[in-house]
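Note that the sequence shown covers residues 1 to 390 in the UniProt record's numbering. Below is one structure, written out as structure tokens; comments come after it.
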Amino acid sequence: MTPRALRAGVAAPPRGGVTLEPRGFLSLAPPRSGRSARVAGRAGKCRRPRRLAACRRGGPRGPGPRPTPWRPSTPPGSTLPRCCSPDRPGWKTFGSPSLLWPTPNASSPCASRSPISSTARFLFGERPFWWIHESGFASRQPLTLRQFPVSCETGPGSPSGHCMITGAALWPLVTALTALASRHSKSLVLKLIPFSAYTLLLLAVGLSRVFVLAHFPHQVLGGIVAGAALGWGLQAHIPATRSLGFFAATSLGLLLGSVALHRLMVAAGVDIDWSIRLATAWCKDPSWLRLDTRPFASICRVAGSSLGLGLAAGDPQRWDKPLPPRQRAACAVLALAAVRGLQHIPQPQQVTLWYASSFLKYTAGPGMVAVLLPRIARTVIRPQSPPHAE
């Protein structure tokens, strides 16, 4: 049963004794004898290629009257779209007058709502807060759904970015803590604590994303698996020895590549901004729609962070010795305050200027945390020298 078939009030091909009542509703009783059984039998026989010609003529020859032309009936309060009538391309009856099934056809106005398109969007990008309306479930079932300010994200939903980024960022920390516990203790419970906390945290993040209608469960699980895989795969490939040119080329390639791909998809007639359109249509409060949830905003964040890491790595002033504990603690506190302050810097409302300011903000972040704040800590907080013996 497809969402389009449900919305039209018609049934999918009969499986397991499901029959179509004359008024358009489903009955789970076994097929009845007589005309209904003969119609169902013809539908089963039509699956064989040899009898396709006979099905097109109205069904295999046999006892009983031929079926009369059938028109789709709809439940009270619903109508069948004019573009999706059986006389229009894009719909087939498969040799049985009791079946109406949408088929992808480029010439059909209903092709964009075909089962293949609906399944692909469900697997690769649909978000619950708009899918529940687009699929028609909200109009058929008395559902009470609550949206939150964090629900109305405008980008595709698969995989969950919150789970993926959290899983990838925490993986090196978890493996380091596990190795530290293995060196200082032989207790299996102590060794499993970091990964247990890691798993529970990701599950909590995933449940929260499902609760606010931002993701489906399979998107959350995909984000957790993708984040752990990225953390495991990239942990041994830290670009610490790369030059500023490598990071700058990466940043420029991300920006130009995404813009070129967007233009190419638009020129090819692909609605690449479909998620923004659906989020705008079904968000409860328009003020909850934020530019930082758009797909290109994530590109600006990654490109800006890449350039910022290059600037930090190319700092000519390096220190061979690590910071003392007091200076390290001061750097941690200052870094948290600086990152928090960068997030609250007001940005222009014009879209292009907003993207540019977001790029500059994330470019300044790594340099501020890795270069500027350590210098301030070394200058302001002097290490304590031992007292001189008299």
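All C-beta atoms in this analysis are idealised placements derived from N, C-alpha and C, irrespective of residue type, glycine included.
Whole-number beta carbon distance between residue j and residue i, since they are thought to touch under 8 Å
{"i": "residue 247", "j": "residue 310", "result": "3 Å"}
{"i": "residue 157", "j": "residue 126", "result": "6 Å"}
{"i": "residue 217", "j": "residue 210", "result": "6 Å"}
{"i": "residue 302", "j": "residue 254", "result": "6 Å"}
{"i": "residue 363", "j": "residue 291", "result": "Not really, about 18 Å apart at Cβ, beyond 8 Å."}
{"i": "residue 349", "j": "residue 357", "result": "Residue 349 to residue 357, Cβ: 11 Å. No contact."}
Neighbour flag for residue i against chain D, beta carbons, 7 Å
{"i": "residue 368", "result": "The structure shown contains no chain D; it holds only a single protein chain."}
Residue of the options minimising C-alpha distance to residue i
{"i": "residue 401", "options": "130, 288 and 375", "result": "With the chain covering 1 to 390 only, the question about residue 401 has no answer from this structure."}
{"i": "residue 228", "options": "287, 303, 132 and 163", "result": "163"}
{"i": "residue 198", "options": "172, 184 and 215", "result": "172"}
{"i": "residue 238", "options": "185, 213, 260 and 169", "result": "169"}
{"i": "residue 369", "options": "265, 347, 315 and 345", "result": "315"}
{"i": "residue 305", "options": "353, 259, 250 and 265", "result": "250"}
{"i": "residue 285", "options": "152, 185, 138 and 259", "result": "152"}
{"i": "residue 236", "options": "176, 340 and 329", "result": "176"}
{"i": "residue 340", "options": "365, 355, 351 and 352", "result": "365"}
Sequence-distant residues of its chain with Cβ nearer than 8 Å to residue i (five each side left out)
{"i": "residue 391", "result": "A question about residue 391 goes unanswered here, because the residues of the chain that appear run from 1 up to 390."}
{"i": "residue 166", "result": "201, 202, 205 and 227"}
{"i": "residue 145", "result": "129, 132, 138 and 213"}
{"i": "residue 265", "result": "272"}
{"i": "residue 242", "result": "310 and 313"}
Other residues of its chain near residue i: CB distance less than 7 Å, five sequence neighbours each side excluded
{"i": "residue 468", "result": "One cannot answer for residue 468 here, as it falls past the ends of the chain, which runs 1 to 390."}
{"i": "residue 207", "result": "none"}
{"i": "residue 195", "result": "174 and 178"}
{"i": "residue 381", "result": "326, 327 and 330"}
{"i": "residue 191", "result": "178, 181 and 182"}
6 Å Cβ shell around residue i - same chain, five flanking residues per side excluded
{"i": "residue 215", "result": "157, 160 and 209"}
{"i": "residue 149", "result": "288"}
{"i": "residue 258", "result": "299"}
{"i": "residue 361", "result": "342"}
{"i": "residue 223", "result": "159, 160, 163 and 164"}
Proximity test, residue i beta-carbon vs the ligand MN heavy atom, cut-off 6 Å
{"i": "residue 338", "result": "Within the structure as shown, the ligand MN is missing, as the structure has no ligands at all."}
Closer than 8 Å is the cut-off here; do at least three beta carbon pairs connect the region 230-248 with the region 294-301?
no
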